[in-house]
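**Q** Sharing a structure, written as structure tokens. Questions coming.
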Amino acid sequence: MRPARSSPARTGLVHLALIVWTIVALSPVILILMNSFKSRAGIFREPLMPPTGSTFSMIGYQTVLGEGHFIRYFGNSLIVTLVSIFFVLLFGAMAAFALSEYRFRLNTALGLFLALGIMIPIRLGTIGILQMMAASGLVDTHLALILVYTAQGIPLAVFILAEFMQQVSADLKNAARIDGLSEYTIFFRLVLPLVRPAMATVAVFTMIPIWNDLWFPLILAPGESTRTVTLGAQLFLGQFVTNWNAVLSALSLAILPVLILYFIFSRQLIRGITAGAVK
Amino acid sequence: MASLALEKVTKSFGKTDVIKGVDLDVREGEFIVFVGPSGCGKSTLLRIIAGLEDQTSGHVRIGDQVVDAVPPAKRGIAMVFQSYALYPHLNVRGNMGLALKQEGIPKAEIEARIKKAADILALDALLDRRPSELSGGQRQRVAIGRAIVRQPKLFLFDEPLSNLDAALRVNTRIEIAKLHRLLGATLVYVTHDQTEAMTLADRIVVLNGGRIEQVGSPMELYKNPANLFVAGFIGSPKMNFIGGAIAAEHGAQTLGIRPENLEIAADGPWSAMVSHVEHLGSDTYVYVEMAEHGLIAARIVGEALHQPGEMVRLKPVPEFLHLFDENGLALPRPA
């Protein structure tokens, strides 16, 4: 007897769709990874083939790591990304707490104003931002990027976290108030741990665009000392000659840190995305 | 000395008036129950007493101190919530001790108070567990324990039994009554369940639409409801209301009679048709359809053999008739 709620045909179709989608999503990544382990000739002659005995080569990685600056670029990317995530989560959560917890005039208007940032891309303000950074002498500093990315990440953070914080039991916060805890203690010790899955979700959604961004590093911090990995990889893209081995190896390496961060957050993330969908 | 006093307390959210002027004196050691339908403002009133909500006007006095501008933690109160509201990151001991730690009470004293409360509530074995490892009833006991250790002047209970299943609810109700006798503390308890109110309270405060309808001991409210609302709210099944000619005979707009004061007797003055019978074992509820007056419930002790569709005659016990005027206010009983 077949279980009532599944049929092989339907299950098969669902899996087929998922498999196709997985292939579409992963194939560029796999292509990059494969070719990063091939010699230049191998890349050009058979771009879609996995590395074989004759085409295998570590020359790309040797170039990238031998270049010496790349470790620093990684460091820059990590500093900028992690510090930005930290500020986005801190300020986003604080704003979300205020919006969801306190009744005050213009509460809704302020919430909408903050959410506006989700719809209006921050890049529209690039010229203004550049002028500001130049005027305050922040060009070519980590701080310039961190400030911009924090601003870029906060709207989504407020939006998501406010939604989750509303679900934290009002009784719990009131019990804490009666027990004499300050609003800060309530926020940091009670509410934040309870919205941890949402924080992880926000962290991942914030992290990926920052890590991958080319625009702002190129404009605000192109200098050698503050260059990020994505910008650094462009060094190998020449106008006439492109060192594909190095580019592909740099990109492959750039995947690693995000992947590690993602795994750190992912356990929480799944709970975050599905929370509310199922009780 | 009043241990809690409300003076002309009002509360409005924007243009909506939730509490419309409440005056109340609670005596030392009294068990007061606020009861009313949902939306009557009973929880808001409790939150105003706790200081979690600011009243729009009026004063709250706890002991001999006006506490209008005193934060919740400094009011000398402790509150038990419907959802227990235990701190998920602390174990039972931590939950009970947190407020005391905040007050700066020495460790040994905290330990002693937790020990005492745990003895009273049989929580000894659970002190190192987290809330997530406790059952609903245990969580409720921890929430009560958290209130006891503070040795407050005033206990506030916000629908503490609503999340428990029926059997546990009856047990916990008895526990709470015992606890009140043991501690002798003043206690304000909010519920929408009139059975809880009747069984626990020294005095019941019936609230409706942000106003106090009546204050009195459970039996006072039961025997002498001041108006139609209280008459209909207290007691289960509800009091029957009969209007029209029958009420007019007694010089009233509405006549009320509780189900247990109706007999089915051949010489009864009212004729009706049985529409439904509920057998509870100890009692039988006979629901009859009376022309013009709708469904009327009669409560017969023991087993009563009536069938739907049967015509019966109802006989009210005259000394238990309640009379109400056109404004729904109770009229003096006919002698």
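Chains as they are written, first to last, in UniProt numbering: chain A, 1 to 279; chain B, 1 to 335. Glycine included, C-beta positions come from ideal geometry on N, C-alpha and C.
1) Grab the span of the alpha helix (DSSP H) containing Arg130/B for me, first residue to last.
2) As a quick exercise: from Ser266/A, Arg267/A, Val247/A, Ile264/A, pick the residue whose alpha carbon is nearest that of Phe37/A.
3) Quick check on the DSSP output: the beta strand (DSSP E) that includes Leu255/B runs from which residue to which?
4) Answer yes or no: does any C-beta atom of chain A fall closer than 8 Å to that of Met79/B?
5) When the distance is taken between beta carbons, is Ile49/B closer than 8 Å to Leu134/B?
6) If you compare alpha carbons, which of Ala245/B, Ala166/B, Gly268/B, Phe324/B is closest to Glu232/B?
7) Between which two residues does the beta strand (DSSP E) holding Thr191/B run?
8) Throw me the rounded Cβ distance for the Gly209/B and Cys40/B pair, which I believe falls under 8 Å.
9) With DSSP run on the structure shown, which of helix, strand or coil describes Arg241/A?
10) Any beta-carbon of chain B closer than 8 Å to the one on Ser169/A?
11) Quick one, are the C-beta atoms of Gly268/B and Arg313/B less than 8 Å apart?
12) State yes or no: is the beta carbon of Arg105/A nearer than 8 Å to at least one beta carbon in chain E?
13) Do the stretch 87 to 94 of chain B and the stretch 158 to 171 of chain B meet, that is, are 3 or more Cβ pairs less than 8 Å apart?
14) Along chain A, in chain order, which residues have C-beta atoms closer than 7 Å to that of Glu103/B?
15) Can the beta-carbon of Ala176/A be found less than 8 Å from the beta-carbon of Leu192/A?
16) Taking Ala252/B as the reference, which of Gly137/B, Lys315/B, Pro332/B, Pro316/B has the closest Cα?
17) According to DSSP, simplified to helix, strand and coil, what is Gly216/B?
18) With DSSP as the reference, please indicate the residues paired to Asp283/B in a beta bridge.
19) Under 8 Å, do Leu214/A and Thr230/A count as touching if we go by C-beta distance?
20) How would you label Lys42/B, buried or exposed, when you count the other beta carbons within 10 angstroms and need 16 or more for buried?
21) Which residues mark the beginning and the end of the beta strand (DSSP E) in which Arg313/B is found?
22) List, in chain order, every chain B residue whose beta-carbon is nearer than 7 Å to that of Leu172/A.
23) Using a Cβ-Cβ cut-off of 6 Å (strictly less than) and excluding sequence neighbours within five positions of Leu228/B, which residues of its own chain qualify?
24) Mind checking if Ala175/A is an interface residue toward chain B, Cβ cutoff 8 Å exclusive?
25) So, is the C-beta of Ala277/A closer than 8 Å to a C-beta in chain B?
26) If contacts are defined as beta-carbon pairs under 8 Å, then Val274/B and Pro318/B qualify, I think. What distance do you get, rounded to the angstrom?
27) Apart from the five residues just before and just after Met311/B, which ones in its own chain have a Cβ nearer than 6 Å to its Cβ?
28) Determine the burial state of His180/B: buried for a count of at least 16 other Cβ atoms within 10 Å of its Cβ, exposed for fewer.
29) Considering only C-alpha positions, which residue in the set Leu147/A, Asp140/A, Ala98/A is nearest to Ile122/A?
30) Grab me the residues of Ala147/B's own chain with a C-beta within less than 7 Å of its C-beta, minus the 5 sequence neighbours each way, in chain order.
**A** Taking the definition as stated:
1) Neither: Arg130/B is in no alpha helix (DSSP H) and is coded neither H nor E.
2) Val247/A
3) 254 to 257
4) yes
5) no
6) Reading off the sequence shown, one finds Gly at residue 232/B, where the question assumed Glu. Selected option, being the one with the closest Cα: Phe324/B.
7) 186 to 191
8) 6 Å
9) Reading off the sequence, residue 241/A comes out as Val, not Arg. If DSSP states are grouped into helix, strand and coil, Val241/A belongs with coil.
10) yes
11) yes
12) Looking at the structure shown, chain E is missing, and the protein chains on hand are A and B.
13) no
14) Gly180
15) no
16) Pro332/B
17) strand
18) Val301/B
19) yes
20) buried
21) 311 to 316
22) Ala85
23) Phe324, Gly328
24) yes
25) Low per-residue confidence applies at Ala277/A: pLDDT is 43, beneath 50, and the placement is therefore not dependable, though the value from the model is reported in the following sentence. Not one chain B Cβ lies under 8 Å of Ala277/A.
26) Wrong, their Cβ atoms sit about 23 Å apart, outside the cutoff.
27) Met273
28) buried
29) Leu147/A
30) Ala78, Met79, Val80, Phe155
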